[in-house]
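J.:
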Amino acid sequence: MPRASLDKDPHEVAAMFDGVASGYDRANSFMTFGFDRRWRTTTARVLDAKPGEKVLDLAAGTGVSTVEYARGGAWCLAADFSVGMLKAGLHRKVPMVAADAMCLPFADNSFDAVTISLALRNFVDTKGALAEILRVVKPGGRLVICEVSTPTFAPIRFLHRRFLLKMLTWVGSRTSSNPEAYSYLAESMLAWPDQRTLGEIIASAGWTEVEWLNLTFGVVAIHRAAKPL
Ligand SMILES: C[S@@+](CC[C@H](N)C(=O)[O-])C[C@H]1O[C@@H](n2cnc3c(N)ncnc32)[C@H](O)[C@@H]1O
Numbered sequence: 001m002p003r004a005s006l007d008k009d010p011h012e013v014a015a016m017f018d019g020v021a022s023g024y025d026r027a028n029s030f031m032t033f034g035f036d037r038r039w040r041t042t043t044a045r046v047l048d049a050k051p052g053e054k055v056l057d058l059a060a061g062t063g064v065s066t067v068e069y070a071r072g073g074a075w076c077l078a079a080d081f082s083v084g085m086l087k088a089g090l091h092r093k094v095p096m097v098a099a100d101a102m103c104l105p106f107a108d109n110s111f112d113a114v115t116i117s118l119a120l121r122n123f124v125d126t127k128g129a130l131a132e133i134l135r136v137v138k139p140g141g142r143l144v145i146c147e148v149s150t151p152t153f154a155p156i157r158f159l160h161r162r163f164l165l166k167m168l169t170w171v172g173s174r175t176s177s178n179p180e181a182y183s184y185l186a187e188s189m190l191a192w193p194d195q196r197t198l199g200e201i202i203a204s205a206g207w208t209e210v211e212w213l214n215l216t217f218g219v220v221a222i223h224r225a226a227k228p229l
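Right, dumping it as structure tokens:
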């Protein structure tokens, strides 16, 4: 079964997620010790999607995050380029569409907010995707990104760097149909920029009011930004 490389070739990334789709939700909860649920709830709070708003949950996978964001009454669309991931979430009562973040099939200024959880680091071109997302968000609209990050507390940062790869590979071998994919996940986490650097990339793509919130000692961070009016 395929695993992607850090070049993040879109075909390889999509094929890899197709390959893990059936066990993804379970493996994800196991791998994060159940913290994923708390991260999603906090992301939903930061997103603050209201009834009448249109929200794009980009790279939504099985839609596990989309249902959380839709709870407040907003119309939330799950988009992902892995049809396998979307199919694995078909039981969820949210609209779904196959779409590539690098070239979104939506008109300019379509959404009140776009959110991405645990997925931005898989995109082949981070800044390019952030610019494409800016295009489809209304002026004044919001961007909310939940992504792995750099622990702020030195001892946790040390343990994270030292054991993440080993731990995820071990978990993957016990829970996933494609253990190799979990080595990729760990490698992509370790190669991912810290909170401040990601904030700068977001701003360089044209977003304003960039700020972030650390969760679980900075193992994960939520970045928030707005499209200029
Ligand atoms: C780790 S999963 C996260 C899924 C979900 N957001 C969650 O919180 O569980 C990463 C997802 O990003 C998707 N993805 C990666 N690159 C993409 C792209 N360019 N366009 C759309 N989806 C993409 C993958 O197919 C995969 O479903």
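Those letters in the sequence shown? Residues 1 to 229, per UniProt numbering, in order.
For every residue, glycine included, the Cβ atom is placed at its ideal position computed from N, Cα and C.
1) Within the continuous beta strand (DSSP E) that includes S188, where are the two ends?
2) What does the shell around ligand 1 hold, if a residue joins when its beta-carbon is under 6 Å from any heavy atom?
3) Please classify H11: is it buried, with 16 or more other beta-carbons within 10 angstroms of its beta-carbon, or exposed?
4) Sort out for me which residues DSSP pairs V148 with in a bridge.
5) CB-CB under 6 Å to A78, same chain, minus the five flanking residues each way: which ones, in chain order?
6) Give the C-beta separation of V83 and A98 to the nearest angstrom, bearing in mind that I take them to be a contact with Cβ-Cβ under 8 Å.
7) Which partner residues does M96 have in the DSSP bridge list?
8) Counting only the same chain and skipping the five closest in sequence on each side, list residues whose C-beta sits under 6 Å from that of P228.
9) So, at 8 Å on beta carbons, what are the nonlocal neighbours of G72 in its own chain, with the 5 sequence-adjacent residues on each side left out?
10) For C76, is the classification buried or exposed, using 16 other Cβ atoms within 10 angstroms of its Cβ as the cut-off for buried?
11) In whole angstroms, give me the CA-to-CA distance for L185 and A15.
12) For S110, which of E53, H160, L90 and T150 has the nearest alpha-carbon?
13) Helix, strand or coil for W212 per DSSP?
14) In three-state terms, what does DSSP make of F30?
15) Looking only at C-alpha atoms, which of A131, S149, R224 and R135 sits nearest to R142?
16) List, from N- to C-terminal side, the beta strand (DSSP E) runs of 3 residues or more that fit wholly inside the segment 93–133.
17) At which residues does the alpha helix (DSSP H) containing K87 begin and terminate?
18) Name the residue from P179, V13, F153 and V148 whose alpha carbon lies nearest to the alpha carbon of G23.
19) Thinking C-alpha only, which one of L120, D112, D25 and D100 is nearest T91?
20) Let me know the secondary structure DSSP gives S51 once reduced to three states.
21) Given this structure, state the Cα-to-Cα distance separating V136 from I116, to the nearest angstrom.
T.: Walking through what the data contain:
1) Indexing the sequence shown from 1 puts residue 188 at position 188. In this chain, S188 is not harboured by any beta strand (DSSP E); it is covered by the alpha helix (DSSP H) spanning P179 to L190.
2) Those residues that bring their Cβ nearer than 6 Å to a heavy atom of ligand 1 are P10, V13, A14, F17, N28, A59, A60, G61, V64, S65, D80, F81, S82, M85, D100, A101, M102, S117, L118, A119, N122 and F123.
3) Against the sequence shown, residue 11 aligns to sequence position 11. Burial call: exposed.
4) Taking the first residue of the sequence shown as position 1, residue 148 is located at position 148. Residue pairing from DSSP places V148 in a beta bridge opposite V220.
5) Here residue 78 corresponds to residue number 78 of the sequence shown, with the count starting at 1. These residues qualify, in order along the chain: D57, A60, G63, T66, V94 and M96.
6) What you label residue 83 is simply residue 83 of the sequence shown in a count that begins at 1. What you label residue 98 is simply residue 98 of the sequence shown in a count that begins at 1. Indeed, because the Cβ distance is near 5 Å, the residues count as touching under 8 Å.
7) On the sequence shown, residue 96 is found 96 positions in, with the first residue counted as 1. The partner list for M96 (beta bridge, DSSP) reads A78.
8) Looking up residue 228 in the sequence shown gives position 228. Correct list, in chain order: T208.
9) Stepping through the sequence shown from its first residue, residue 72 is reached at position 72. Excluding positions up to five away in sequence, the list reads A44, D48, A49, K50 and P51.
10) On the sequence shown, position 76 is the one that residue 76 refers to. C76 should be labelled buried.
11) Locating residue 185 in the sequence shown gives position 185, where the first residue counts as 1. Locating residue 15 in the sequence shown gives position 15, where the first residue counts as 1. Approximately 14 Å between the Cα atoms of the pair.
12) Locating residue 110 in the sequence shown gives position 110, counting from the first residue. Comparing Cα positions, the closest option is E53.
13) Counting from 1 along the sequence shown, the entry for residue 212 is found at position 212. Three-state result, W212: strand.
14) Taking the sequence shown and counting its residues from 1, one reaches residue 30 at position 30. F30: helix per DSSP, three-state reduction.
15) Translated into the one-based positions of the sequence shown, residue 142 becomes position 142. Closest by alpha carbon: R224.
16) 96–98 and 111–117
17) The residue labelled residue 87 in the question sits at position 87 within the sequence shown. Element bounds for K87: V83 to A88.
18) Taking the first residue of the sequence shown as position 1, residue 23 is located at position 23. Considering only alpha carbons, the answer is P179.
19) Translated into the one-based positions of the sequence shown, residue 91 becomes position 91. Position check: residue 91 holds His in this sequence, whereas Thr was assumed. Checked all of L120, D112, D25 and D100; the closest Cα to H91 is D25.
20) Here residue 51 refers to the residue found at position 51 when the sequence shown is read from its first residue. Contrary to the premise, residue 51 reads as Pro rather than Ser in this sequence. P51: coil per DSSP, three-state reduction.
21) Residue numbering aside, residue 136 sits at position 136 when the sequence shown is read from its first letter. Residue numbering aside, residue 116 sits at position 116 when the sequence shown is read from its first letter. Spanning the two alpha carbons is a distance of roughly 14 Å.
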